[in-house]
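Participant:
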Amino acid sequence: MEDEAAQLLDADIVLPESAVKPGLKVPVVMYSVFGKGRRFRGPVVLGIREFSRKLEFESSYTLIEHAPDDSIQLEILPEALGQVRRLNDSISEGRYTELLELLGLDDSEKTQDEEVRTVEAALLADTSGHIVRYPYVNNQLNRLLARWAFKAATGGGFRLPAYALADDGYLVVHDGRLYAGSDWISKQQAIVALESKRGLCVRYPIRMCEDLLPIEHVGSTELIMQLNRSLDEQGCRTSYDLAGQIATQQLLLEGTYVLHSEAAKKNGGDFDFDWICILEENRFPRFVRKRFSLTNEFHQQKMKLRKAKSPWWNLEHVAIKARGNQIGMITDLKTSCLAAGRSDLAYQLVTELQKALDSLKHEVEPDAKIIADIRQQINPAPWLKYKNESRISDLPIHLDVDDTDRIGKLYNHVRKEIEDLLTAKLPIEEFKGLVSGEEVTRPMFDECRYVNSVYAAVVGRISERQDKLKADLDKAQAEWEAVRKGTDKELRKQKLQARRKAYSAHYHGEERAKQEMKAIISYVRVWAASKTENRMGWCQALNRVVCNGQGSGSILFHAFPQELVAKLAEQTGGKTVRVVVPEVTGMSIHRDSEGRSFLVEKIEGGEKQTFLFQYKDGQFFFG
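For the sequence shown, the numbering used here begins at 737 and goes up steadily by one.
1) From which residue to which residue does the beta strand (DSSP E) around I1339 run?
2) Grab me the residues of Q848's own chain with a C-beta within less than 8 Å of its C-beta, minus the 5 sequence neighbours each way, in chain order.
3) Closest by CA to K1026, which one among R1220, L948, N824?
4) Reducing DSSP to helix, strand and coil, say where A1347 ends up.
5) Do the stretch 1166–1175 and the stretch 1138–1145 make contact, defined as three or more Cβ pairs closer than 8 Å?
6) On the three-state DSSP scale, how would you describe C937?
7) Leaving aside the five residues before and after P871 along the sequence, list all residues of the same chain whose C-beta is less than 7 Å from its C-beta, in chain order.
8) Counting along the chain, where does the alpha helix (DSSP H) carrying T1067 start and finish?
9) Assuming the contact rule is C-beta atoms closer than 8 Å, A747 and L914 should be a hit. Round their C-beta distance to whole Å, please.
10) Just to confirm, is the Cβ distance from I942 to Q925 under 8 Å?
11) Which residues does DSSP pair with V954 in a beta bridge?
12) I believe F886 touches E1125 by the beta-carbon criterion, under 8 Å. Please report the beta-carbon distance rounded to the nearest angstrom.
13) Give the range of the beta strand (DSSP E) segment to which G917 is assigned.
14) Kindly identify the DSSP beta-bridge partner or partners of Y906.
15) Just verifying my parser: in three-state terms, what is the DSSP assignment at F1358?
16) Starting from E834, trace the alpha helix (DSSP H) both ways and give me its first and last residue.
17) Using DSSP with H/G/I as helix, E/B as strand and the rest coil, what is R1078?
18) What are the start and end residues of the beta strand (DSSP E) that includes S1324?
19) Please name the residue or residues paired with Y993 in a DSSP beta bridge.
20) What do you reckon, are the CB atoms on L967 and S956 nearer than 8 Å?
21) Only counting runs of 3 or more residues, tell me where the beta strand (DSSP E) segments fall wholly within the stretch 1087–1136, in order along the chain.
22) Considering only the alpha carbon of each residue, which of A898, L936, G1064, L1135 lies closest to A889?
23) What is the DSSP secondary structure of E792, reduced to helix, strand or coil?
24) Helix, strand or coil for R1271 per DSSP?
25) Ends of the beta strand (DSSP E) at E1016?
26) Roughly how many angstroms separate the alpha carbons of I1339 and H1242, rounded to a whole number?
27) Can the beta-carbon of V1262 be found closer than 8 Å to that of M1323?
28) Using DSSP's beta-bridge definition, name the partner residues of L1085.
29) Any heavy atom of the ligand FAD closer than 7 Å to the beta-carbon of Q1090?
30) Roughly how many angstroms lie between the CA atoms of I1154 and I1128, to the nearest whole one?
31) Hey, would you say R1332 sits closer than 8 Å to Q1350, going by beta carbons?
32) CB-CB under 7 Å to S844, same chain, minus the five flanking residues each way: which ones, in chain order?
33) Quick check: what's the CA-CA separation for E1246 versus Y1239?
34) In whole angstroms, give me the CA-to-CA distance for L835 and A882.
35) Going by CA-CA distance only, name the one from Q1233, L859, Q809, R775 that's closest to E1314.
36) Classify Q1113: buried if its beta carbon has 16 or more other beta carbons within 10 angstroms, exposed otherwise.
Here it is in structure tokens:
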């Protein structure tokens, strides 16, 4: 808002009503007194959480499952196969920058995932193409590729332009007079700089096909004409010039998608910076036409809900409840209904899914009986169980799917085209010469040997425990599936409880494994950080120790990532990339008289000690 407008309004900030949370409740009988607007005076703390910018969202099976068959065959499948070919070529030809781009690793993901950052640096440093066969790099790439492959096979692997939802309000002073507009565009239109004249406005999570809003895009010429009419109605004499100014300075903003507030509400959106993406008609004409021609739309009934309230000291319980919400489970069950051709059951679950979404803020819960009854009638879509696999080779080449399962048929077409490009993993001993020519002493080798044995013992123990928990979960899942539709209610209850128990044990095992891995990696980093002199020599010593074993070499990337990347670039003529690793300032290792080692971290008000291992009489103990 310009200074002139602020002075005329005697206000510093103007917000759309839907962006004010919680809203001010005014009785209907008082509207004549208060009017539509609300004015507040007082101190304000203004923070910036997000800003609109150029973004892309990945496609998803929760979107594609609403596409008609001809769109999947003629629009989505070609997109998916094109992405697969690009991926295959980028790996086989060593174009790793393109590979990382295809994998869709954005800056925030790289910042949070140390392995991603390190692998990216190693790939960019290597021009020989051999580092992709290094066991640790190969494992990490396989994890990333497995996730990408599942998304490509079930969601098409393409990306859609994404925007921040914005309201159509404008406010300007001209010749000493204030002109304003709100909810003045058509409910079927949006203001956005896109070539496509029409599209579907997509807001995740998608509850049903009706959530894909059919929207016509207003071009700049039509926008100025509509603004001109709006200003004319307010008595503006130079409306055309002013309309152009408003369009460029207040409406056609980078990264925004401007909607009428009533249109935004249709798929649950509002103007507190909701993100949406657009399925463009010029890319997916059949999909978009199908939605535009949809009649007899399902309308979600509105429920009067009480706001959930909880004292501040109960914050942890509220957070845990939100994490255990049923949104994902209901969404997958709804997907299985659509795959089985039971859209009637899927629409029943739309209501329950909305309750699950509302339960994050309101006193409402999904109907467990309805969900259980539908689960009894529907088999899970066979491809859903593979979305968390860590290797491409664990994704089946072909699945037996129903004729009504559009995503399953897409999976079978796409999966067979994705090569298992990372099977040619070299043994770790092949990389002995990766770091050479440095000064190394016998005590350095001995110390590296000890640290490596500690790391290997802890990682091996974690892996062994997780393998057992995974096997127990698979067994419990198979036993539950065998009786799921049986008539023996007591046996079903018993097997369901056993599956839930195994799932809980596996989940908590994974959380425990994350913490234990974080601690042992910090131990390695603290040790490596203490080597302030001849770091390249220490890197060579550890590399030689690692390459004499059978491991993946991950410890080397945790201990001396920058030195390893520098050597790789030096030997292959690649690019030396700076590797940003977490700080270890404030961390130390404490070893007591019993041979127990602890990771010590400075925290507010004292220290935190994490038990790592006990080394006594030449043996490791972890109890």
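From the three backbone atoms N, C-alpha and C, an ideal C-beta is built for every residue, glycine too. This one's a predicted model, so the numbers in the text were calculated from it and none came from an experiment.
Facilitator: The short version:
1) 1332–1339
2) Reliability fails at Q848, whose pLDDT of 49 lies under 50, so the model's placement of it is uncertain and the value that follows must be treated cautiously. Counting only Cβ-Cβ distances below 8 Å, and skipping sequence neighbours, we find nothing.
3) L948
4) Residue identity check: residue 1347 is Phe in the sequence provided, not Ala. Residue state, collapsed to three classes: strand.
5) no
6) strand
7) K1161, I1164, S1288, G1289
8) 1063–1075
9) Going by Cβ atoms, the distance from A747 to L914 rounds to 11 Å, so no, they are not a contact pair.
10) no
11) I927
12) 7 Å
13) 913–917
14) G917
15) coil
16) 832–838
17) coil
18) 1323–1327
19) L901
20) no
21) none
22) L1135
23) strand
24) helix
25) 1011–1016
26) 30 Å
27) yes
28) Per DSSP, none; premise fails for L1085.
29) The ligand FAD is not among the ligands present in this structure, which contains no ligands whatsoever.
30) 9 Å
31) yes
32) For S844, the pLDDT reaches just 46, beneath the cut-off of 50, and the residue's location in the model is therefore unreliable, leaving the point undetermined.
33) 11 Å
34) 13 Å
35) According to the sequence displayed, residue 1314 carries Arg and not Glu. Comparing Cα positions, the closest option is L859.
36) exposed
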